[in-house]
Structure formats: structure tokens, C-alpha cells
Amino acid sequence: MLPGQMCDSLGTPVHWDDPVIPGGFYFFHRPVPAEERIPFEVSIVWEDDDLLVVDKPHFLASTPNGRFVRESVVTRLRVDRGEPDLVAIHRLDRITAGLLILSRRPETRGRYQRLFQDRQVTKTYRALASSPPYDLDFPLTRRSRLHKPPGGRQVLEVPGEANAISRIDHLGEVAGRVGVSEYRLEPLTGKTHQLRVHMNALGLPLLGDPVYPRDLSPDPYDFSTALQLLAATIDFTDPLDGRLRRFATGLALDGSADDDGGRGTSPMPGPGPTLTSSPGTADDPGSAGAETPGVPQT
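Going by the working numbering, the residue at position 146 of the sequence shown is 147; the numbering climbs one at a time, nothing skipped.
If you want it as C-alpha cells, here you go:
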């Protein structure tokens, strides 16, 4: 179907002055306006007949949304690879970089989506922030109730039963960067901006964060500041063959980022993506945990 063209349920073009069939279905393809290209590329980590695992760069949306349609991971890959059935089975916030998994076949998509719905996926992130004060003992678990006011950009911690849980560990100071440390983050739930809110609540806002602690109303085409948050690993047992799937990003955090908002226009190349696929359970007990149902944004 061409942009601006209307078709019936069989895909037959329909003219605007044709009679309307009661109870019939009609489809209209809205023309997509031109978009400025986001100057960062998607890299392939691994693929098989059912899944495509990629490293998403900072600033590129995972899926089409109101402002970005062409400039999203899903649309780019559908066009570049000629795969119209590609669908992301979870989501990364636009300014977060790292691992993103897409389904290639509708026939098996539901089984992989259920892994996320049933919290059978473990995800870990790496992040840069200020070094912690001495009164914080790591590893720690942050539990709180998060609420996003209508029309606002910031998510707030509010009184009430916790609906967001994150495990946080301090990995040490970045070499050559006094006062800047790397952290390992594991979301056990998947509320919007959960990891960013929890780190900010600890007095450790992530380097390069344009929303916490202050909403700077960032220009989406300003690439001078990269959020130092990276989706680093994803682990799950494949529902099709029972094998452990463990993916690791090929990207790395920008250790030169500034405390006041990080100066990195793209994630730095890492040592390269890795994949372990074996029967049984993970051989890293420290990565045990659960991922969030649905399509969390962190």
C-alpha cells in the first residue's frame, strides 16, 4: 500500500469516492514525514531464525512513536534487512544504549514475549555516576513506590507500597577519574525510568541524565550529552529448545563523561559481543534475578 492510499481488508485499493460497505474494514497508510537522521548505527550482536539481538545506540528510539517513525531501531532494520515482521519484544528508553531483542517470526513471538511477562528474563545494566558516600553499603536493594504525574517527564518516589525494586552494586572508581564510579544495576521490576530514579534517590544521579535530578527539557537532536546507562547483559532459557541464552553488549560506557552531564556523543566500542548458549542454569549466580513484564523503559 502506497502512502496516502486506502485499501480494503483484502488489500485492494479503494478510491475515495467508492461506496462504503457497511461493516467493512479499511486501512489508510499515513504518509511519514521526513525525519532528520540520527547519526548512530545499530550493530548486530547475534541472530537465528527466530531472534535478532542488537546493540541500540544512544538517541535512537527502539520502536516507532509519535515523533520518531523512520528513525527507530525497528523501522531501520525492517527496511535495511527487508524483514517487515521484525518486532521488538522489550524496549529501551531512547537515550539508553545497549542490548535490544527483536522477534523475527510471528509464529514464535508469543513464546518469547511471555518470558518477559512471566519475569523469566534477567537483565543487568552498567552505569556511571559520582562515587558513593561512605554511609552507603553495597550491594544494596532499593525499594520504593514510583509515580509519573500526568503530563510530566520526571517519575517521582511517593509514599506507599513499593512497586519498583532494583539491585545496585558499586564496582569501583573509573580509572583516572577521581570521584566517578561504575555501578551494576539489576531491575527486578520495570517501571519507567526506574534505574535512573533509584540512583537519583540515592544521591547518585547518572552522568549525562537530562531529566534527573533536574529536567533540562533536552533537545532530541542534541547529541552532545550521552546518558551513561548501558543495557549490558540479558539471560533467559529459550522456550523453544530449553537452552540458556546469555547475551552481552559490545558497547562500553564513556569513562571520559563529565559529572555535569557527560560529553560523549555515542557509546564507546567495547571488547565485542559475547554469547553463551548451553543447557541448564546460568553459571553466574550473581546475575540471578527477574526482569519486568511488558516493555519497560529504564
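Cβ coordinates follow ideal geometry from the N, Cα and C atoms, glycine included.
Quantities reported herein were computed from a predicted structural model and do not represent experimental measurements.
Between Y213 and A128 a beta carbon distance of about 12 Å is seen, past the 8 Å cut, so the two are scored as non-contacting. Per DSSP, the beta bridge partners of M7 are V15 and F29.
Nearest Cα to V74 within the set G204, G99, R82 and V43: V43.
Sixteen is the threshold: since fewer than 16 other Cβ atoms of the shown chains lie within 10 Å of the Cβ of D220, the residue is exposed. Pairing D86 with R105, the inter-Cα distance amounts to about 6 Å. Scanning its chain for C-beta atoms nearer than 8 Å, with the 5 sequence neighbours on each side dropped, one finds around E162 the residues R146, in chain order. When secondary structure is reduced to three states using DSSP, H199 falls in the helix class.
Residue burial is scored here from C-beta neighbours: Y126 has at least 16 other C-beta atoms within 10 angstroms and is therefore classed as buried. Beta-carbon to beta-carbon, K124 and P188 are separated by about 7 Å, close enough to satisfy the 8 Å threshold.
Distance from the Cα of L230 is smallest, within the candidate group D255, E72, I102 and R68, for D255. Judged by their CB atoms, L61 and F41 are nearer to each other than the 8 Å cut-off.
Scanning the segment 223 to 263 from its first residue to its last, the whole beta strand (DSSP E) runs of 3-plus residues come out as 230 to 238 and 244 to 249.
Contact check for S167 against R197 fails: the beta carbons are separated by 8 Å or more. For the pair D56 and G99, the CB atoms are nearer than the 8 Å cut-off.
For P140, the secondary structure class from DSSP, reduced to helix, strand or coil, is coil. When the five nearest sequence neighbours on each side are left out, the beta carbons in the same chain lying within less than 8 Å of the beta carbon of P160 are those of R146, in order along the chain. Residues of the same chain with a CB within less than 6 Å of the CB of V156, apart from the 5 flanking positions on each side, are L147, K149, T193, H194 and V198 in chain order. The DSSP-derived three-state label of T193 is coil. For Q118, the closest C-alpha among the options E158, D18 and I90 is that of I90.
Beta-bridge partners assigned by DSSP to S73: A62. No Cβ-Cβ contact shorter than 8 Å links F26 with D51. For G67, there is no enclosing beta strand (DSSP E), as DSSP gives it neither H nor E. In its chain, beyond the 5 residues on either side, P85 and L87 have a beta carbon closer than 6 Å to the beta carbon of R79. Here D81 is exposed, its C-beta having fewer than 16 other C-beta atoms within 10 Å.
A straight line joining the alpha-carbon of L207 with that of S131 spans about 8 Å. Taking a 10 Å sphere around the C-beta of D210, we find 16 or more other C-beta atoms and assign the residue as buried.
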